[in-house]
Each structure stands twice: as structure tokens, then as C-alpha cells.
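Visitor:
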Amino acid sequence: MAFEMDFEDIRRSPATTPSVDLGYSRQSFAAVSVAEFIRHLGYHAIPMGNDTALSIPLAVNAGLGELGRNGLLITPQFGPRVRLSKVFTDLPLETDKPIDIGVQSFCEVCRKCAKHCPAQAISHGDRTANKLTRSTNPGVLKWPVNPEKCIKWWMKNGTWCANCIRVCCYNKPNTRFWHLMHKIALRLVSRKSKMLNKLLVWIDDNLMNC
Ligand code: SF4
Ligand code: SF4
77 MAFEMDFEDI RRSPATTPSV DLGYSRQSFA AVSVAEFIRH LGYHAIPMGN DTALSIPLAV
137 NAGLGELGRN GLLITPQFGP RVRLSKVFTD LPLETDKPID IGVQSFCEVC RKCAKHCPAQ
197 AISHGDRTAN KLTRSTNPGV LKWPVNPEKC IKWWMKNGTW CANCIRVCCY NKPNTRFWHL
257 MHKIALRLVS RKSKMLNKLL VWIDDNLMNC
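Heads up, the sequence shown is in our numbering, so the first residue is 77 and it goes up one at a time.
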């Protein structure tokens, strides 16, 4: 399950962004409620936030979005501006499939999150399945993030940071106008053209930078 965080609030990063706390509260409330409902149906259900299992790979497999260069889930609706929770259950359900909205090929030409990461914890290079730090889950082709560098920056900053959400081209305001712009951009990105993607990054940098 993915829960949107407030666009204007995230714009304050790297200052404190309370919508992150609110997101954690909403995701917990929803996961516990869904689990309780499932239990009332007579099945087992375990609600979880960031604990017990990695949320992003599960969300990718569930078709909620794709993995971005920033190491976050990029959803078609809100980009990486979401928090995730999940419920393990034996309730028989129809499963969704992973989606391909062109994120991986777009991230190959866009390096905005890497450029704007104050800790330089995000890769500027190509995807790899190799281990980067002791926190890397190797064996999956991705841009491994350096969480040790990230958390050190948080300590120095005195609060967390959401720059890799704030600057992402997929993070746009939740308004009618931006929905339309975003929809057009998603269509263009789905063509997976390097030149077109470069142009979109340029447009995002120069005209639509939020
Ligand atoms: S949270 Fe901030 S420091 Fe950490 S990876 Fe994202 S941009 Fe970099
Ligand atoms: S900022 Fe660019 S490179 Fe980073 S995750 Fe978003 S789209 Fe991908």
C-alpha cells in the first residue's frame, strides 16, 4: 500500500518535513485496519511498516511502481513521494504484476537525485548487481544507494532529508494542471527514447523545476 506525502511539505527538504511523520501514521493505521479486517474474515494477517520485509521490492512486484536511481519506489501517480506499508496474509487474492512505465531508462539519463543528494549517497553511474556497502542487497540490477553516507548526513543535518524525493522529475504537485502535464510526460517517457528523455530532464530542470 502506498500513501502520498504532501508536495508542498516535501519542498522544504532538507529541512524537517512533517508529512513524512504523517505518512508513517497513515500507513500504520491503514495496515493495522486492513489486517484486522482480514482477520475478521477468518484468515491470518500481519501488518507491517518498514519492518519484517523490504517494502520496495514487494511494491515493485505488486505493480505499484518501479525502482528508481534514488533507491525508492517511483509510482506513476506521485513519483517517489509515498510511504509504504504491507500486510502478510493467507487470504486468497488475485495478484498484480510488475509494471514498466519507463522509469529505469529515464533514470539512466536523469541524475537529478544523485546531483542534489547532499551526502552524495546516490550513484551517478550505471546499474550494477554488485555490493556497494554492507547494507546492499546484492544480486539485483539496480543503482545501489549508500545508506551509511545518507544517515551520516541526517545526523549532521539534525533531521532527515527528502531531497531525493523533492527533486525527482516524477514528483509533481497533485493538481489538475500537473496531472495533465505528468500524463503527457509519462507517455513520452514510455517511448524509452534517450534523446526525448534528455529533453524532458532539460525541461524539468529549466521550466518545471519544483
Ligand atoms: S535522503 Fe538525502 S542524503 Fe539520503 S540519499 Fe536521499 S538525498 Fe541523499
Ligand atoms: S531524480 Fe531522476 S534519476 Fe533520480 S529517481 Fe527521479 S527520475 Fe530517476
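Just so you know, even glycine gets a beta-carbon here, dropped at the ideal spot from N, CA and C.
Nothing here was measured: the structure is a model prediction, and the numbers come from that model.
Considering only heavy atoms of ligand 2, list every residue whose Cβ is less than 5 Å from one of them, following chain order.
Guide: Those residues, listed in chain order, are GLY144, ARG145, ASN146, CYS183, CYS186, LYS188, CYS189, CYS244, CYS245.
Visitor: Closer than 6 Å to a non-hydrogen atom of ligand 1 - does that hold for the CB of ALA197?
Guide: Indexing the sequence shown from 1 puts residue 197 at position 121. Result yes, Cβ under 6 Å from ligand 1.
Visitor: Does the pairing of the segment 113-120 with the segment 256-266 give three or more beta-carbon distances under 8 Å?
Guide: Contact between the segment 113-120 and the segment 256-266 is absent, because fewer than three Cβ pairs lie under 8 Å.
Visitor: Quick one: grab the DSSP three-state call for LYS162.
Guide: Here the question's residue 162 lines up with position 86 in the sequence shown. Correct three-state label for LYS162: strand.
Visitor: DSSP state of MET231, grouped into three classes?
Guide: Counting from one through the sequence shown, the residue named residue 231 turns up at place 155. Of the three classes helix, strand and coil, the one that applies to MET231 here is helix, per DSSP.
Visitor: With a cut-off of 8 Å, do at least 3 Cβ pairs link the segment 206-220 to the segment 167-175?
Guide: Contact between the segment 206-220 and the segment 167-175 is absent, because fewer than three Cβ pairs lie under 8 Å.
Visitor: Please report the residue range of the beta strand (DSSP E) in which PHE79 lies.
Guide: For this step, residue 79 is matched to residue 3 along the sequence shown. From DSSP, the beta strand (DSSP E) with PHE79 extends over 78-80.
Visitor: Distance check for SER269 and ALA107, CA to CA, integer angstroms please.
Guide: For the purposes of this step, residue 107 is taken as the residue at position 31 of the sequence shown. For the purposes of this step, residue 269 is taken as the residue at position 193 of the sequence shown. Distance between the alpha carbons of ALA107 and SER269 is about 39 Å.
Visitor: Compute every distance between the C-beta of ASN239 and the non-hydrogen atoms of ligand 1, then say whether any falls below 6 Å.
Guide: Along the sequence shown, read from residue 1 onward, the residue named residue 239 stands at position 163. Checking every heavy atom of ligand 1 against the Cβ of ASN239, one is found closer than 6 Å.
Visitor: I want to check one thing, is the minimum distance from the CB of TRP229 to the heavy atoms of ligand 1 below 6 Å?
Guide: The sequence position of residue 229 within the sequence shown is 153, counting from 1. Yes.
Visitor: So, with DSSP's three-state summary, where would you put ALA195?
Guide: Translated into the one-based positions of the sequence shown, residue 195 becomes position 119. In the structure shown, ALA195 sits in coil (DSSP, three-state: anything other than H, G, I, E or B).
Visitor: Start and end of the alpha helix (DSSP H) containing PRO94?
Guide: For the purposes of this step, residue 94 is taken as residue 18 along the sequence shown, with counting starting at 1. Note, PRO94: alpha helix (DSSP H), 94-116.
Visitor: Between which two residues does the beta strand (DSSP E) containing PRO123 stretch?
Guide: Against the sequence shown, residue 123 aligns to sequence position 47. Looking at the DSSP string, the run of the beta strand (DSSP E) that includes PRO123 is 121-124.
Visitor: Go ahead and pull the three-state DSSP assignment for LYS270.
Guide: Within the sequence shown, residue 270 is the residue found at index 194, counting from 1. Correct three-state label for LYS270: helix.
Visitor: Going by DSSP, name the residue or residues bridged to LEU149.
Guide: As a working note, residue 149 is residue 73 in the sequence shown. LEU143, per the DSSP bridge assignment.
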